[in-house]
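**Student:** This is the structure I have questions about; it appears just below.
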Amino acid sequence: MVTRAALDEAMDSSNAATPSTGPSTTTTVTAAPTGSTNKLAAGLRSAASSSTLASLVSQTRRVKSIKSMATLHTPETKFSSLKYGDKDELGTATILDVQTGSQLKRRKGLWFDDGSVICRAEDNLFCVHMSVLERHSMFFRDMFEIPQPATGQSDSLVIEGSVMRHSAQRIPVITLFDRAEDVASLLNALYNIGPAFGNNDEDDFRAVSGILRLATKYIIDELREMALAHLSIAWPSTLKAWDLREDLARCHEMETACPAGHRYPHPFAVINLAREVEAPELLASAFYDLSRYSYSQIYEPHEDDALYRPPESAPPPLSAADMGRLCIGKEHTQQTITSLIQAMGNGQHIIRQAQQHNGQFNLVRRSSSGPICVSAAACRKDFTELVELATQHYLFDRERGCYDPLYVAEELGQLKSAEISECKACAKGLESWAAREREKIWRLITVWFRLD
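Going by the UniProt record's numbering, the first residue of the sequence shown is number 1, and it counts up by one from there.
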């Protein structure tokens, strides 16, 4: 068994004893292979001495990997002993846990007859190739290189000969204390040359989040980056990508008659995942999305609310610190909506835009640089009426968008449409002002929710 002491000893021998914050894991190796063809390395390979930049980077990554293994917080584990039981109706011998007597099942599609290591997760067994794990994961690569004690009968399993295996062979068993579905998703991604991601809905999120957790835990950098890039489509870090996300949500709402929020997973789950795997790039959009709902919708949702989830599938609540961030951020969003409506009413942004295009405001002649305001009094009256309508709609009636300053700014920018307005200059000026305000709002989200 690979113990914490063994990891510490390996760290001492590699001269990399500086503590660092590594991914939390509950992985226990309960076997070591024997035989010349699948014997674990006798020790950690020393990094080749070289002065090239590439070799220095390689050595640095390797030291980080070893440090991560040395700082794993290994929980209590049980010794895993496997044996064969009676044959099933297909004539295949069952595999049992010696201590509990419970029957374990070979995972369909991930039990290879020529596999060189068995990974156990919950009641699932995965017979896979040690070379595949080593190739993609720095964690497994270094774990397999750690010297192992002599193999015992209880920490390995004899795999009978087959078409792919010419004779019976004893191979090691590694107990992974992860969800079997997450391990299956991870292994499928490794064997299928990249994961088959979906459309970022709730089911897709469950699969991708499992891959991201284990890719982070076992230091599979490329797969982690792919999972984060996929999740960033639904939880982006740019305003342009956010607008595309919202367009998809509105299409979903029109096609299914379900709230747009049902298109994506619960923000609680996204925020907790981002904290767990240290992916701060997902936090801003997740916090903002969550802030667009009232507190009753967040904490006591009805069955027809977008954030409602059945009790058996409800995500864990936010931490106390993140709940505080949510409260502070929601206060800022509400103040911003009020400020937007007031700013539209005073007309200063519109005048500034007209001055920029026309040289001066309230001229009745046409400038070569573009259209000008032809009736300042009429436009001021229009803006006054629009402010009254917006105040009633968003602040008093609490209609759709009343918690969403990005949505409100977009709506305000379209109230005096250039297609129907007599004053093209002020209509265009209002649109430009709204676009600038939306950019400003997006940049402030990390400040509002104390994420910077």
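Just so you know, even glycine gets a beta-carbon here, dropped at the ideal spot from N, CA and C.
It should be emphasised that the depicted structure is a prediction, and the values quoted were computed from it without experimental measurement.
1) For Asn192, is the classification buried or exposed, using 16 other Cβ atoms within 10 angstroms of its Cβ as the cut-off for buried?
2) On the CB-based measure, 16 or more other CB atoms within 10 Å of its CB, does Thr384 come out buried or exposed?
3) Should the region 322-332 be regarded as contacting the region 437-452, the criterion being three or more beta carbon pairs within less than 8 angstroms?
4) Do you know whose CA, among Glu303, Leu110, Ile219, lies nearest residue 454's CA?
5) Tell me, please, whether the region 114-121 touches the region 129-136 by the rule of three or more beta-carbon pairs shorter than 8 angstroms.
6) Whole angstroms is fine: what's the gap from Thr100's alpha carbon to Lys217's?
7) Please name the residue or residues paired with Ala196 in a DSSP beta bridge.
8) Rounded to a whole number of angstroms, what is the C-alpha to C-alpha distance between Glu202 and Ala378?
9) Buried or exposed, going by whether 16 or more other CB atoms sit within 10 Å of the CB of Val173?
10) As a quick exercise: from Ser375, Ala343, Asn346, Arg206, pick the residue whose alpha carbon is nearest that of Val270.
11) Under 6 angstroms Cβ to Cβ from Lys83, same chain only, skipping five residues before and after it: list those, please.
12) Please list the segments of the alpha helix (DSSP H) lying wholly inside the region 267-336, counting only runs of 4 or more residues, in order along the chain.
13) Based on Cα-Cα distance, which residue from Ser294, Cys251, Asp243 lies nearest to Glu410?
14) Mind checking which residues open and close the beta strand (DSSP E) that includes residue 453?
15) Is it true that the CB of Leu223 sits closer than 7 angstroms to the CB of Ala229?
16) Once you ignore the five residues that flank Glu431 on each side, which residues in its own chain have a CB closer than 6 angstroms to its CB?
17) Can you give me the C-alpha to C-alpha distance between Glu437 and Ser137, rounded to a whole angstrom?
18) Find the nearest neighbour of Leu186 within the set Gln342, His332, Met226, judged by alpha-carbon distance.
19) Using only the alpha-carbon positions, how far apart do Pro405 and Pro195 sit?
20) For Asp178, which of helix, strand or coil comes out of DSSP?
**Tutor:** Reading off the structure:
1) exposed
2) exposed
3) yes
4) The structure shown does not extend to residue 454, since the chain is modelled only from 1 to 452, so the question has no answer here.
5) yes
6) 28 angstroms
7) According to DSSP, Ala196 bridges with nothing at all.
8) 50 angstroms
9) buried
10) Arg206
11) Leu96, Val98
12) 267-277, 283-291, 295-299
13) Asp243
14) This structure leaves residue 453 out entirely; the chain is present only between 1 and 452.
15) no
16) Gly413
17) 45 angstroms
18) Met226
19) 36 angstroms
20) coil
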